[in-house]
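A short write-up of the structure that comes next.
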Amino acid sequence: MTRLCTSVDEAVSGIADGSTVLIGGFGTAGMPFDLIEGLIRQGARDLTVVSNNAGNADTGLAALLAAGQVRKIVCSFPRQTDSWVFEELYRNGKIELEVAPQGSLAERLRAAGAGIGGFYTRTGVGTLLAEGKETREIDGRTYVLELPIAADVALISAHTADTLGNLVYRKTARNFAPVMATAATTTVVQVRHVVEPGVLDPEAVVTPGIYVDRIVRVAAVQGRAA
Amino acid sequence: MTRLCTSVDEAVSGIADGSTVLIGGFGTAGMPFDLIEGLIRQGARDLTVVSNNAGNADTGLAALLAAGQVRKIVCSFPRQTDSWVFEELYRNGKIELEVAPQGSLAERLRAAGAGIGGFYTRTGVGTLLAEGKETREIDGRTYVLELPIAADVALISAHTADTLGNLVYRKTARNFAPVMATAATTTVVQVRHVVEPGVLDPEAVVTPGIYVDRIVRVAAVQGRAA
Amino acid sequence: MSVVSAGVVEHTDRGPLGRDEMARVLAGDIPRGAYVNLGIGQPTTVGDHLPPESGVILHTENGMLGMGPAATGDAIDPDLINAGKFPVTELPGASYFHHADSFAMMRGGHLDLCVLGAYQVSVSGDLANWHTGEPDAIPAVGGAMDLAVGAKQVFVLMSLFTRTGEPKLVRECTYPLTALRCVDRVYTDVATFEITGGDQVLVRETWGMSFHELRSRVDVPLTAATP
Amino acid sequence: MSVVSAGVVEHTDRGPLGRDEMARVLAGDIPRGAYVNLGIGQPTTVGDHLPPESGVILHTENGMLGMGPAATGDAIDPDLINAGKFPVTELPGASYFHHADSFAMMRGGHLDLCVLGAYQVSVSGDLANWHTGEPDAIPAVGGAMDLAVGAKQVFVLMSLFTRTGEPKLVRECTYPLTALRCVDRVYTDVATFEITGGDQVLVRETWGMSFHELRSRVDVPLTAATP
Chain A
1 MTRLCTSVDE AVSGIADGST VLIGGFGTAG MPFDLIEGLI RQGARDLTVV SNNAGNADTG
61 LAALLAAGQV RKIVCSFPRQ TDSWVFEELY RNGKIELEVA PQGSLAERLR AAGAGIGGFY
121 TRTGVGTLLA EGKETREIDG RTYVLELPIA ADVALISAHT ADTLGNLVYR KTARNFAPVM
181 ATAATTTVVQ VRHVVEPGVL DPEAVVTPGI YVDRIVRVAA VQGRAA
Chain B
227 MTRLCTSVDE AVSGIADGST VLIGGFGTAG MPFDLIEGLI RQGARDLTVV SNNAGNADTG
287 LAALLAAGQV RKIVCSFPRQ TDSWVFEELY RNGKIELEVA PQGSLAERLR AAGAGIGGFY
347 TRTGVGTLLA EGKETREIDG RTYVLELPIA ADVALISAHT ADTLGNLVYR KTARNFAPVM
407 ATAATTTVVQ VRHVVEPGVL DPEAVVTPGI YVDRIVRVAA VQGRAA
Chain C
453 MSVVSAGVVE HTDRGPLGRD EMARVLAGDI PRGAYVNLGI GQPTTVGDHL PPESGVILHT
513 ENGMLGMGPA ATGDAIDPDL INAGKFPVTE LPGASYFHHA DSFAMMRGGH LDLCVLGAYQ
573 VSVSGDLANW HTGEPDAIPA VGGAMDLAVG AKQVFVLMSL FTRTGEPKLV RECTYPLTAL
633 RCVDRVYTDV ATFEITGGDQ VLVRETWGMS FHELRSRVDV PLTAATP
Chain D
680 MSVVSAGVVE HTDRGPLGRD EMARVLAGDI PRGAYVNLGI GQPTTVGDHL PPESGVILHT
740 ENGMLGMGPA ATGDAIDPDL INAGKFPVTE LPGASYFHHA DSFAMMRGGH LDLCVLGAYQ
800 VSVSGDLANW HTGEPDAIPA VGGAMDLAVG AKQVFVLMSL FTRTGEPKLV RECTYPLTAL
860 RCVDRVYTDV ATFEITGGDQ VLVRETWGMS FHELRSRVDV PLTAATP
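As they're listed, the protein sequences go chains A, B, C and D. Following the numbering used here, the numbering of the first sequence begins with 1 at its first residue and continues without gaps. Following the numbering used here, the numbering of the second sequence begins with 227 at its first residue and continues without gaps. Following the numbering used here, the numbering of the third sequence begins with 453 at its first residue and continues without gaps. Following the numbering used here, the numbering of the fourth sequence begins with 680 at its first residue and continues without gaps.
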């Protein structure tokens, strides 16, 4: 059942040290800034974070990294011009990095949510990122076996939720959130708006409430994605 | 590029003998009746049809079976009380049957559309439907390897299309259509309404036009899903 | 009215449950707010015993959460059906999705519970419910295998005996299997069972039959639930 | 202005192409109505040369088809960005989808074309564009590997020589690979190449350099395109 939380701190409560935490967003679009700030206050350490990037500038995921709470990051693109927090930690050996092709990252999250034990993809065949991974010929083509990424917690952002946890997003801020919501034991969502059941168009719900455990409404911040 | 056809016959033209044809619908909901009638007129034979059921009563897929155009059917549930056309063909050895768990059928179609060479699922492990299929232990659980189902043609039904081929569906008539649209070389869609680009809400498009090759508008029929 | 013997609640002063009563007993054990899939046939009737205040949200594998009761009259819409292909309705807060998403939901372990019919259930929770195994039977599995492996809990709803009196709770299934070690509870007309994964099945409650009589009629080691 | 020699169109009366001209040449070869993904960096500029009447529909891997030009002023929306994280706009007929759906579209072979930058391309069409291989480089792949294996055609847009004059069209890539045998065409400042899968690379056109001069500067067997 989906719980509507009255504060960000309530929404992120109980995240244990050593957890695997999925963090939505592509760059800053769809990044759950308020939940990350809550996680920094909450203080869980030794985290493995899965997110497309490794933080931008000094807020959001970058602030979580700076707080020293993250042991390892799994992402596709940690090398952005404003990923200086990550870069310093990485160069000083203070954070582990696993790079995955962006599509394999998304599909591995989906697999975890869909009960798929593993899948064969052509992405990465013959490259450094397939080293140590099993390959296989299927129908004359070579594929690499990728395994699911399941997590303890997903922190994501959506535009509007109803009180049953059904979610809709806004434009490209949708990105990883719907698959991450399916791959975590506990999915926590920050939203701009909360409405009663029946307000969202059932044909247009992107994440059904079954995937959502906690919702918290946050204020809109100028120039920042919800 | 998506082509708006002026007739059902144009929409189903060129389907070759021996083709694998995906036919949308769950029972009669979402079944592309007009396209199937077109396929009967068009006359392609020796078809392999992939559809959830094996036809109901004497229309739609059942009529295609009765016309003797189908060599083999791949489905999850051929045993409905009104699947008499299939039953007679089957008992007389005039049609081949491959039964697949409904979820594996849907996922195999998705895999074909998503470039997945194969995937491991727990569904079917230890049952007749996994016989002859490879199994594997992953993380202490047994999985069976399932392979993609790619097709030459998909015949599906949607509610509204724009002229770029973007589709929305109606209620549970959506069912297999979105995954089938991704798994076929040529996807043909019958729709109730055609609108200009920009009319459909970009957040609510279910099948992006990239998956759609031909659209044809058909009249609504009383008591029958679009 | 109820007699407690060896820990089992025994309702021996009345006959076995009717089909509607069986559905009601099972419905009473569904947790508030659970996401539930009701299999086609008898399991569908469990929905009649889930009032709105239960907060239970019904999933139908043909692509919907928030399914409402059967549709009648003008509410019948050929685009809105359940897994048994009967017209149903939509509740506020419903959502639609395609088949791959619907089965990802099932297979990914997100449904709290599914209710299935059965030909046989074994001591270890193996389920046989899709194929009689007769040579001329047309095999048809639908979503049964996906539900059986995917739902967090699997409740079976069935009569305990066949028409010819054979028990359907067995040491080993003789019918073709749907899934291994997947059943958690079995709700029947004469007793409710809990599959524990051991070599015994727990009896929670009986109707029209004592625990001892039940033991004599079922070729499976039965234990009384501790009260 | 153009000289045809050995089948290659040679524009030797002018210098190599500028970055904008390279993008324009490539854009001119994109078929009408194609679904195209433009990689981050220089490939993005190809979009400036695709007028609405081209009917080309742009995909961005962060979840959108029907992407419009860069957003400016009040049209900037932090929720609407391209793969390079720059604000963009939405065209009529656009659609949004999540990352797994977006990459399923790429990996499933549905995009007609993608345009990527490169460190190196080999005779057989191997692509190296994600990692310099230097020990202290932070590896970052993004969606490059998915695009390279998934798009029906891969066009590379790059300068032919490094700043130190090393050709980037090579017999074997020395940089870490992005994907094997995936590149179809290479658009550079001095020539346009076609990878045929054989042991020769086809030269279609040159700028500021003759076919013979090109041959002497690139350590790869080159053939003239048949006119």
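Note that CB positions come from ideal geometry on N, CA and C, so glycine has one too. Keep in mind the model is a prediction, meaning the values are calculated, not measured.
For Tyr90 (chain A), the uninterrupted alpha helix (DSSP H) run begins and ends at 84-91, by DSSP. For Val125 (chain A) and Tyr143 (chain A), the gap between their C-alpha atoms comes out near 6 Å. In this model, Thr412 (chain B) and Ala376 (chain B) are separated by some 11 Å (Cα to Cα).
Gly887 (chain D) and Glu845 (chain D) have their C-alpha atoms roughly 18 Å apart.
Between the C-alpha atoms of Thr228 (chain B) and Met406 (chain B) there is a straight-line separation of about 16 Å.
The alpha-carbon separation between Arg440 (chain B) and Glu107 (chain A) amounts to approximately 29 Å. Cα atoms of Thr307 (chain B) and Gly525 (chain C): separation of roughly 23 Å, rounded to the nearest angstrom. Residue environment: Asp465 (chain C) is assigned as exposed (fewer than 16 neighbouring CB atoms within 10 Å of its CB, all protein chains considered). Classified as buried, Asp531 (chain C) has 16 or more neighbouring CB atoms from the shown chains inside 10 Å of its CB. If you check each beta-carbon in the segment 305-330 of chain B against every beta-carbon of chain C, the ones closer than 9 Å belong to Arg305, Gln306, Ser309, Phe312, Glu313, Tyr316, Arg317, Leu323, Val325, Ala326, Pro327, Gln328, Gly329, Ser330. Looking at the backbone, the Cα of Ile40 (chain A) and that of Pro208 (chain A) are separated by about 28 Å. Listed in chain order, the non-local C-beta contacts of Leu315 (chain B) below 7 Å within the same chain comprise Leu291, Ile321, local neighbours out to five positions each way being set aside. Around Ala114 (chain A), the beta-carbon contacts reaching into chain C at under 7 Å are Ala556, Arg559, Gly560. Residue pairing for Cys566 (chain C): DSSP places it in a beta bridge opposite C:Asn489, C:Val606. Residue range 151-162 is occupied by the beta strand (DSSP E) that includes Ser157 (chain A), with no alpha helix (DSSP H) assigned at that position. Pairwise C-beta distances place the segment 731-751 of chain D out of contact with the segment 858-865 of chain D, as fewer than three of them are shorter than 8 Å. In the same chain as Glu363 (chain B), and ignoring 5 residues on each side of it, the C-beta atoms closer than 8 Å to its own belong to Tyr369, in chain order. Ala280 (chain B) and Gly55 (chain A) have their alpha carbons spaced roughly 52 Å apart.
Taking a beta-carbon distance threshold of 7 Å, Ala151 (chain A) does not count as an interface residue toward chain D. If you draw a straight line from the Cα of Tyr854 (chain D) to the Cα of Val835 (chain D), it comes to about 16 Å.
The residue among C:Ser547, C:Asn489, C:Ala677, C:Pro468 with its C-alpha nearest the C-alpha of Leu167 (chain A) is C:Ser547. Per DSSP, Pro483 (chain C) is not a residue of any alpha helix (DSSP H), being assigned neither H nor E.
Cβ contact annotation for Val70 (chain A) (same chain, cutoff 7 Å, sequence separation greater than five): Leu47, Val49, Leu64, Ile95, in chain order. Within chain B, the C-beta atoms nearer than 8 Å to that of Ala204 (chain A) come from Asp427, Glu429, Ala430, in chain order. Considering only beta carbons, the part of the segment 389-405 of chain B lying closer than 8 Å to chain C consists of Tyr395, Arg396, Lys397, Thr398, Ala399, Arg400, Asn401, Phe402, Ala403, Pro404, Val405, in chain order. Contact note: Ala779 (chain D) reaches chain A through Ala106, Glu107, Leu109, Arg110, Pro178, Val179, using a C-beta cutoff of 8 Å and chain order. By a beta-carbon distance limit of 8 Å, Gln102 (chain A) does not contact Asp780 (chain D). Their separation comes to about 13 Å. Proximity of Thr411 (chain B) to chain C, defined by a Cβ-Cβ separation below 7 Å, is not satisfied. Against Val593 (chain C), the close residues of chain B are Ser302, Phe303, Val325, Ala326, Pro327, Gln328, Leu355, in the order they occur along the chain (beta-carbon pairs closer than 8 Å). Between Ser104 (chain A) and Cys75 (chain A), the gap from beta carbon to beta carbon reaches 7 Å or more. Non-local beta-carbon contacts of Ala410 (chain B) in its own chain, meaning distances under 6 Å to residues more than five positions away in sequence, involve Leu248, Ala377, Val379, Ala380 in chain order.
Annotation for Ser801 (chain D): the continuous beta strand (DSSP E) segment containing it runs 799-801.
In the DSSP assignment, His891 (chain D) falls within the alpha helix (DSSP H) that extends over 890-896. In this structure, the alpha-carbon of Gly650 (chain C) lies about 8 Å from that of Val575 (chain C). Close CB contacts of Leu666 (chain C) within its chain, under the 8 Å cut and outside five residues either way in sequence, are with Val642, Ala643, Val655, Thr658, Leu674 (chain order).
Residue state for Ser547 (chain C) is assigned as strand, using DSSP reduced to three classes.
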